[in-house]
Amino acid sequence: GLLKASDIALYYAKGQGKNHFAYYQEHMTEPAQARLRMEADLRGALERGEIELVYQPQVETRTATVVGAEALLRWNHPELGLVPPMRFIPVAEEMNIIDELGRWTIRQACQQLKAYHAKNLKLPKVTVNVSALQFKMEFVDTVREVLAETGVDPSHLQLELQEGVAMKDLGESIHILNGLKELGISLCIDDFGTGYSPLGYLNNFPLDSIKLDRSYLVKSLENEKEANLVAAIIDIARNMELGLLAEGVETIEQYQFLNRQGVHHMQGYLFSAPVSASELEAMLAPWHFM
Ligand code: C2E
Ligand code: CA
Ligand code: CA
Ligand code: CA
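Set out below in structure tokens:
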């Protein structure tokens, strides 16, 4: 399993790493030291092969088939073990290496997709997360370059954008999103409903689908008003001809609730945790798609 934030904080506070002495400075506060140590470790982690992607299947529940897989970053720290992305992505952003990490991630995901397809295995879509700081005009070039480099059919690639990602400058955001759409890939809003964004953006942005955040699912089984809210979100998606996938599905009850609402695309521990590329391979059906 992944480490808890408290374990990581403890590790860095104790300075158990081997090469951390150079970063020690008396006047620094504990968190600042910890941050510097993590930065030192993260620098070069890609080159050392400590970073990898795991994949969580997305399932069409009526046919029980895998319709996609979300690529999720893992950092296998030599001493700490697995550091969760929520811990190191903000650090990568602050260090200004998020663009490099983002390019690596998309390339890796595309190469993996190609490898599955070369074995005639069915994976219609791989979906990659994009952080707010990656989201700029140059990013369109990055995606175009990786698609050309790997030769992946763009229709098999999806990007997941957090709701807040595109909210800074509406004009520029639409420009970037149109640039991405023109590449032929699909775009999904991650964690839908958690970003306090005006719903109008659904009309202005060239989106293909939304991902219903796990928190709605949990709450909707606790009270009726929340359930009504989820039903309303599902209606919006339907009326706007957007795909909808529910994430974080953990229980049979949640599955049944979604099924009653006519939602059949799901992702979550009930089906599978994120797994290695070779473990995902075992879940894919044969596919002769040429
Ligand atoms: P997210 O995009 O919302 O990803 C879903 C997270 O929920 C993943 O955690 C996944 O392992 C976890 N999850 C999946 N199924 C269940 C479930 O049934 N129950 C519960 N409680 N959790 C479930 P993970 O892998 O730790 O990723 C956390 C976040 O880190 C992601 O949230 C995403 O925002 C970010 N992230 C991960 N990989 C990347 C990446 O390549 N680039 C960027 N920019 N962000 C990434
Ligand atoms: Ca995501
Ligand atoms: Ca999500
Ligand atoms: Ca979420």
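Under full-length UniProt numbering, the first residue of the sequence shown carries the number 278, and numbering increases by one thereafter.
Every residue gets a Cβ at the ideal spot worked out from N, C-alpha and C, and that includes glycine.
Nothing here was measured: the structure is a model prediction, and the numbers come from that model.
Check your understanding: Below 8 Å, can you find three or more Cβ-Cβ pairs linking the segment 520 to 533 to the segment 549 to 566?
Key -> no
Practice item. Alpha carbon to alpha carbon, how far is V343 from A559? Give it in angstroms, no decimals. Key: 11 Å
Point to revise | Spatial distance of G441 from L479 (CA atoms) | key: 13 Å
Point to revise | Completely contained beta strand (DSSP E) runs for the segment 425 to 507, where each covers 3 or more residues | key: 434 to 439, 463 to 469 and 486 to 489
Exercise for review: Under 8 Å Cβ to Cβ from N481, same chain only, skipping five residues before and after it: list those, please.
Suggested key: L447 and I451
Point to revise | According to DSSP, residues forming a beta bridge with R351 | key: E329
**Study point:** Burial state of H433, where buried means 16 or more other Cβ atoms lie within 10 Å
**Key:** buried
Exercise for review: Taking only the alpha-carbon atoms, compute the straight-line gap between E324 and Q385 and give it to the nearest angstrom.
Suggested key: 14 Å
Exercise for review: Using a threshold of 9 Å, state whether the C-beta atoms of I511 and Q538 are closer than that.
Suggested key: yes
Check your understanding: What residue from F416, N406 and P401 has the CA that sits closest to V429's CA?
Key -> P401
Exercise for review: State the CB to CB distance for the pair N397 and H541, rounded to an integer number of angstroms; the pair is presumed to be in contact (CB under 8 Å).
Suggested key: Contact doesn't hold; Cβ gap of about 25 Å is too wide.
**Study point:** For N406, the first and last residue of its enclosing beta strand (DSSP E)
**Key:** V403 to V407
Check your understanding: If you compare alpha carbons, which of Q389, D467, K399 and W352 is closest to S408?
Key -> D467
Check your understanding: Can D467 be considered in contact with ligand 2, in the sense that its beta carbon sits closer than 8 Å to one or more heavy atoms?
Key -> yes
Exercise for review: Please work out which residues of its chain come closer than 8 Å, Cβ to Cβ, to K458, disregarding the five sequence neighbours upstream and downstream, and give them in chain order.
Suggested key: L464 and P483
Point to revise | Nearest-angstrom Cα separation, counted from L357 out to I453 | key: 38 Å
Exercise for review: Take R491 and list the residues in its own chain whose beta-carbon comes closer than 6 Å to its own, dropping the five residues that flank it on each side.
Suggested key: E524 and G525
Check your understanding: Would you say the beta carbon of residue 590 comes nearer than 8 Å to a heavy atom of ligand 1?
Key -> Residue 590 lies beyond the range of the chain shown here (278 to 567); nothing can be said about it.
Point to revise | Delimiting residues of the alpha helix (DSSP H) encompassing V360 | key: Note, V360: premise wrong, no alpha helix (DSSP H); beta strand (DSSP E) at G358 to V360.
Check your understanding: Using the rule of at least 16 other Cβ atoms within 10 Å of the residue's Cβ for burial, across every protein chain shown, is E379 buried or exposed?
Key -> Note that residue 379 corresponds to Gly in the displayed sequence, not to Glu. Burial call: buried.
Review point. Got a sec? Which residues, its chain only, sit under 6 Å from G456 by beta carbon, not counting five neighbours each side?
Key: V417
Point to revise | Beta-bridge pairing of F543 - partner residues as DSSP gives them | key: Contrary to the premise, residue 543 reads as Met rather than Phe in this sequence. Its beta-bridge partners are V336 and A523.
Exercise for review: Within the same chain, show all residues whose beta-carbon is closer than 6 Å to that of F412, passing over the 5 residues directly before and after it, in chain order.
Suggested key: V442
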